[in-house]
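Structure, as structure tokens:
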Amino acid sequence: MAKHRHGKDIYRRGYGNMRTPIKHNIAAKFRPVQSSYLEMFILDKHRSRLRQERANLLRRIHEIEAELSCLDAKILEMRDGVEEEMDQMSDEPAAPGGETGIRTIPLGY
1 MAKHRHGKDI
11 YRRGYGNMRT
21 PIKHNIAAKF
31 RPVQSSYLEM
41 FILDKHRSRL
51 RQERANLLRR
61 IHEIEAELSC
71 LDAKILEMRD
81 GVEEEMDQMS
91 DEPAAPGGET
101 GIRTIPLGY
């Protein structure tokens, strides 16, 4: 009986006289199966999303660079204006007596 059971194992595995039809041929394992197509679809979608995200980030980087250059120009303009005001203040003659008049508000107690 043990020999007979061993024969059934062989029959189940598809060896021996090949009484069962071959379910998968050798070339079938190299073809992509349905899950591989799904995986390729998901990876393609992920790749397209990453490309779109990269394009958005590059656009935002260019916007930030333009904003920074605009701010740098504005800062230089303001710095020049402040330097001119400082030069004008230093060119004005000092008040006689060496003190500048400071107005105080009298407190009425």
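Numbered by the UniProt record's numbering, the letters in the sequence shown go through residues 1 to 109 in order.
A virtual CB, placed ideally from N, CA and C, is assigned to each residue, including glycine.
C-alpha gap between S69 and M40, whole angstroms: 43 angstroms
Neighbourhood of T104 by C-beta distance below 8 angstroms, restricted to the same chain and skipping five residues each side: none
Alpha carbon of S90 to alpha carbon of L107, nearest angstrom: 33 angstroms
Segments of 4+ residues assigned as alpha helix (DSSP H) that fall wholly inside the stretch 34-97: 34-91
Inter-residue spacing [alpha-carbon to alpha-carbon] between H62 and A55: 11 angstroms
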